[in-house]
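Visitor:
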Amino acid sequence: MTDSPAERPRRIVARREGPLLVEGPVEVVLEDGTTVSSDRFCVALCTCRRSRIHPWCDTSHRRRSPTAHPGSDH
Amino acid sequence: MEPVAERPVTEVAEVAGPELPPGRGEISSALIQYLRSTGPLPDETSLAGAEPLGDDLQLALHLCYELHYRGFAGVDGAREWDPDLLRVRAALEKPFLTALRAGATRHDHADEALDELLVEPVDGEGVSHFLQDKGELWQLREYAAQRSVYHLKEADPHAWVLPRLWGRAKAGMAAVEFDEYGAGRAERVHAQLFADLMTDLGLDPVYGRYVDASGAEALAVVNLMSLFGLHRTLRGALVGHFAAVETTSSPGSRRLASAMRRTGAGPAAEHFYTEHVEADAVHEQVVRREVVAGLLEVEPHLDGDIAFGVDATGWLEDRLADRLLEAWRSGRSSLRTPV
């Protein structure tokens with residue numbers, strides 16, 4: 001299989017807003033030297049530094065508004 | 075992600091299917107008799123007079139749809155394709171869909187509908203906010219019991235859309251579904267994780283166990299998925315619905331995980347939601363960038379349908395939230411029968 005992840009460059013999707021999307025599995029080495037891993041098919045890495053489950057995205061980058069739109073608040 | 079290792083797995087595989095629940099009116103009661111082969115189908119007059127979002131019609135629809143999932147104990151599996159029953163199902167779906175289109179539609183474009191969900195309310199007052207801030211164990215149990223109507227078949231209604239998608243939309247949808255189904259590991263199937271949560275909460279994880287306890291609002295949320303999933307013509311709405319769920323799930327799951335932690339519900343109960351915080355932050359991105367964008371690329375005329383799927387989901391979720399919060403704020407149970 002020439003298209004297996006091992007034989008082609010790992011794809012990372014970067015946007016100005018939101019997390020970096022990286023094809024899994026991944027190992028992330030953190031500042032304190034510890035390593036965390038995920039074997040999900042795709043992982044979302046936090047870039048806004050607000051995530052409470054760093055290095056993974058928890059959608060904390062989202063804009064906040066004083067009022068809830070219908071259907072947005074569950 | 076920390077894989078949850080070697081925890082005893084709650085047994086969820088049942089062969090016979092759940093027992094038929096009791097009826098909630100003329101239509102659902104007649105339907106139950108028919109499924110038991112002890113009576114005729116509901117007549118035209120009763121079908122015409124049904125309240126689209128009421129208990130009777132929503133339970134009747136639930137009964138029709140369940141024949142496509144696990145069926146019922148003692149009901150002939152061939153009823154799934156019984157043309158007379160399918161005709162009744164169509165007569166139930168029509169007013170439901172009409173009520174949804176009339177009540178829920180707020181957007182013409184998928185992007186507008188979904189962008190709105192990306193803004194987090196500062197002082198939210200939804201169900202997950204309530205449960206996070208002051209939810210008690212009995213309220214978490216009521217919430218889980220009603221959500222079990224979906225979560226014990228999590229991702230199943232959405233699998234039906236796969237043959238109706240192509241290219242990026244199909245690949246993205248299949249990838250997310252693979253994750254929902256445990257990425258090849260039975261103990262990680264999300265429906266299994268929910269069964270484990272139910273066990274932590276002292277609930278019975280048997281499929282269909284809390285249908286009778288669930289109100290019309292809770293059944294409607296699940297009927298929506300089956301309606302969109304079973305009809306190819308509603309594939310845009312199914313994709314919009316799925317995108318709405320994945321977009322709102324991560325922050326809501328964080329609050330529910332915190333509610334489970336605060337009340338000491340148990341490790342599996344907490345894990346179900348912490349897994350969804352992380353997984354759905356990924357799914358949201360994949361659904362938006364690959365499934366929604368991919369579908370619009372191939373079938374741009376489905377833009378309005380995707381928006382409708384988003385709007386209908388939010389509308390029914392808000393109705394469910396109103397029922398739950400109204401009951402809980404006055405210290406009452408939100409259920410039809412106690413758990």
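Residue numbers (the working numbering), protein chains in the order written: chain A, 1 to 74; chain B, 75 to 413.
Glycine included, every Cβ here is placed at the ideal spot set by N, Cα and C.
1. Any Cβ of chain A within less than 8 Å of the Cβ of ALA79(B)?
2. Look at the alpha carbon of LEU226(B) and the alpha carbon of ARG363(B), and state the distance between them as a whole number of angstroms.
3. Have a look at the DSSP bridge pairing and note the partners of TRP56(A).
4. Is CYS48(A) close to chain B? Criterion is C-beta to C-beta, closer than 8 Å.
5. Along the chain, where does the alpha helix (DSSP H) containing VAL250(B) start, and where does it finish?
6. Look up ARG259(B) in the DSSP assignment and say whether it is helix, strand or coil.
7. Quick one: what's got a C-beta closer than 7 Å to VAL351(B)'s C-beta in the same chain, skipping five residues either side?
8. Alpha carbon to alpha carbon, how far is GLY338(B) from GLN359(B)?
9. CA-CA distance, VAL235(B) and GLY33(A)?
10. So, using beta-carbon positions, are GLU27(A) and CYS42(A) closer together than 8 Å?
11. Just checking: is the beta-carbon of GLU391(B) within a distance shorter than 8 Å of some beta-carbon in chain A?
12. Take GLU371(B) as the anchor and find which of ALA176(B), GLU194(B), PRO195(B), ALA243(B) has the nearest alpha-carbon.
13. By the DSSP assignment, the alpha helix (DSSP H) with THR179(B) in it spans what residues?
14. Is the distance from the Cβ of TYR139(B) to the Cβ of SER288(B) below 8 Å?
15. With a cut-off of 8 Å, does the C-beta of ILE12(A) fall near any C-beta of chain B?
16. Under 8 Å between C-beta atoms, does GLY33(A) make it to chain B?
17. Check whether the Cβ atoms of ALA173(B) and GLU93(B) sit closer than 8 Å, and answer yes or no.
18. So, helix, strand or coil for THR35(A), using DSSP?
19. Determine, for PRO66(A), whether the minimum Cβ-Cβ distance to residues of chain B falls below 8 Å.
20. Would LEU105(B) and LEU293(B) be called neighbours here (beta carbons separated by less than 8 Å)?
21. Relative to the C-alpha of PHE268(B), which candidate in VAL223(B), GLY310(B), GLU320(B), LEU409(B) has its C-alpha closest?
22. If I measure Cβ to Cβ from THR35(A) and keep anything under 8 Å in the same chain, skipping five residues before and after, which residues do I get?
23. For GLU154(B), I'd like the list of residues in its chain whose CB is within less than 8 Å of its CB, leaving aside the five on either flank, ordered along the chain.
24. GLY303(B) to VAL280(B), Cα distance in whole Å?
25. So, HIS69(A) versus LEU298(B), is the Cβ gap smaller than 8 Å?
26. Please go through the same chain and pick out, in chain order, the residues whose beta-carbon is closer than 8 Å to the beta-carbon of ILE380(B), but skip the five residues on each side of it.
27. Using the Cα positions of PRO66(A) and ASP158(B), report the straight-line distance between them to the nearest angstrom.
28. Mapping the DSSP letters down to three states, classify ARG64(A) as helix, strand or coil.
29. For LEU21(A), report the span of its beta strand (DSSP E) as first-last.
30. Does the CB of SER288(B) have a neighbour CB from chain A at under 8 Å?
31. Measure the C-alpha to C-alpha separation of GLY91(B) and ASP156(B) and round it to an integer number of angstroms.
32. Exposed or buried, what is ARG406(B) when buried is set at 16 or more other beta-carbons lying within 10 Å of its beta-carbon?
33. So the beta strand (DSSP E) GLU199(B) belongs to, where does it begin and stop?
34. Between the region 323 to 335 of chain B and chain A, which residues of the former have a C-beta closer than 7 Å to a C-beta of the latter?
35. Where does TRP240(B) land, buried or exposed, given buried means 16+ other C-beta within 10 angstroms?
Guide: Answer, in terms of the structure:
1. Position 5 of the second sequence, counted from the first residue, corresponds to residue 79(B). In this predicted model, ALA79(B) has a pLDDT of only 49, less than 50, meaning its place in the structure is not dependable enough to derive any value.
2. In the second sequence, the residue the question calls residue 226(B) occupies position 152. In the second sequence, the residue the question calls residue 363(B) occupies position 289. One C-alpha to the other measures close to 28 Å.
3. Taking the first residue of the first sequence as 1, we reach residue 56(A) at position 56. For TRP56(A), which the question treats as bridged, DSSP gives the partners LEU45(A).
4. Here residue 48(A) corresponds to residue number 48 of the first sequence, with the count starting at 1. By this cut-off, CYS48(A) is not an interface position.
5. The residue you call residue 250(B) lines up with position 176 of the second sequence. Where VAL250(B) is concerned, the enclosing alpha helix (DSSP H) stretches over 241 to 254.
6. By one-based count along the second sequence, residue 259(B) stands at place 185. In the structure shown, ARG259(B) sits in coil (DSSP, three-state: anything other than H, G, I, E or B).
7. Here residue 351(B) corresponds to residue number 277 of the second sequence, with the count starting at 1. Same-chain partners within the cutoff: SER324, SER327, ARG328, ALA331.
8. As a first step, residue 338(B) must be located in the second sequence, where it is residue number 264. As a first step, residue 359(B) must be located in the second sequence, where it is residue number 285. Cα to Cα, GLY338(B) sits roughly 32 Å from GLN359(B).
9. Translated into positions along the second sequence, residue 235(B) becomes position 161. Translated into positions along the first sequence, residue 33(A) becomes position 33. In a straight line, the C-alpha of VAL235(B) is about 44 Å away from that of GLY33(A).
10. Here the question's residue 27(A) lines up with position 27 in the first sequence. Here the question's residue 42(A) lines up with position 42 in the first sequence. Not closer than 8 Å, so no.
11. Start at 1 with the first residue of the second sequence, and residue 391(B) comes out as number 317. Interface residue, yes.
12. Here the question's residue 371(B) lines up with position 297 in the second sequence. The option with the nearest alpha carbon to GLU371(B) is ALA243(B).
13. Taking the second sequence and counting its residues from 1, one reaches residue 179(B) at position 105. From DSSP, THR179(B) is part of no alpha helix (DSSP H); its letter is neither H nor E.
14. As a first step, residue 139(B) must be located in the second sequence, where it is residue number 65. As a first step, residue 288(B) must be located in the second sequence, where it is residue number 214. Taking 8 Å as the Cβ cut-off, TYR139(B) and SER288(B) do not qualify as a contacting pair.
15. One-based indexing of the first sequence puts residue 12(A) at position 12. False, the Cβ-Cβ gap to chain B never drops below 8 Å.
16. Taking the first sequence and counting its residues from 1, the one referred to as residue 33(A) is at position 33. Judged by the 8 Å Cβ criterion, GLY33(A) is not in contact with chain B.
17. Counted from its first residue, the second sequence places residue 173(B) at position 99. Counted from its first residue, the second sequence places residue 93(B) at position 19. Their beta carbons are not under 8 Å apart, which means ALA173(B) does not touch GLU93(B) by this criterion.
18. In the first sequence, counting from the first residue as 1, residue 35(A) sits at position 35. In the structure shown, THR35(A) sits in a strand (DSSP, three-state: E or B).
19. Start at 1 with the first residue of the first sequence, and residue 66(A) comes out as number 66. Yes - at least one Cβ of chain B is within 8 Å of the one on PRO66(A).
20. Residue 105(B) sits at position 31 when you count from the first residue of the second sequence. Residue 293(B) sits at position 219 when you count from the first residue of the second sequence. No, the Cβ-Cβ distance between LEU105(B) and LEU293(B) is not below 8 Å.
21. Numbered from its first residue, the second sequence carries residue 268(B) at position 194. If we check each option's Cα against that of PHE268(B), VAL223(B) comes out closest.
22. Working through the first sequence from its first residue, we reach residue 35(A) at position 35. So the qualifying residues of the chain are GLU27, VAL28, VAL29.
23. Within the second sequence, residue 154(B) is the residue found at index 80, counting from 1. For GLU154(B), where only same-chain residues beyond five positions count, the Cβ hits under 8 Å are LEU141, HIS142, GLY145.
24. Residue numbering aside, residue 303(B) sits at position 229 when the second sequence is read from its first letter. Residue numbering aside, residue 280(B) sits at position 206 when the second sequence is read from its first letter. C-alpha separation (whole angstroms): 23 Å.
25. Within the first sequence, numbered from 1, the residue matching residue 69(A) stands at position 69. Within the second sequence, numbered from 1, the residue matching residue 298(B) stands at position 224. Not a contact, by the Cβ cut-off of 8 Å.
26. The residue labelled residue 380(B) in the question sits at position 306 within the second sequence. The residues are ALA184, ALA187, GLY310, ALA311, VAL313, GLY314, ALA317, VAL366, LEU369, LEU370.
27. Looking up residue 66(A) in the first sequence gives position 66. Looking up residue 158(B) in the second sequence gives position 84. Distance between the alpha carbons of PRO66(A) and ASP158(B) is about 51 Å.
28. Translated into positions along the first sequence, residue 64(A) becomes position 64. Residue state, collapsed to three classes: strand.
29. On the first sequence, residue 21(A) is found 21 positions in, with the first residue counted as 1. Note, LEU21(A): beta strand (DSSP E), 20 to 23.
30. Along the second sequence, read from residue 1 onward, the residue named residue 288(B) stands at position 214. No, because no Cβ of chain A sits closer than 8 Å to the Cβ of SER288(B).
31. Within the second sequence, residue 91(B) is the residue found at index 17, counting from 1. Within the second sequence, residue 156(B) is the residue found at index 82, counting from 1. Going from the Cα of GLY91(B) to the Cα of ASP156(B) covers about 18 Å.
32. As a first step, residue 406(B) is located in the second sequence; it is residue number 332 there, counting from the start. Exposed, by the Cβ-count rule.
33. Locating residue 199(B) in the second sequence gives position 125, where the first residue counts as 1. Taken as a continuous stretch (DSSP letters only), GLU199(B) belongs to no beta strand (DSSP E), as it is neither H nor E.
34. SER324, PRO325, GLY326, ARG328
35. Residue 240(B) sits at position 166 when you count from the first residue of the second sequence. Counting Cβ neighbours within 10 Å, TRP240(B) comes out exposed, since fewer than 16 surround it.
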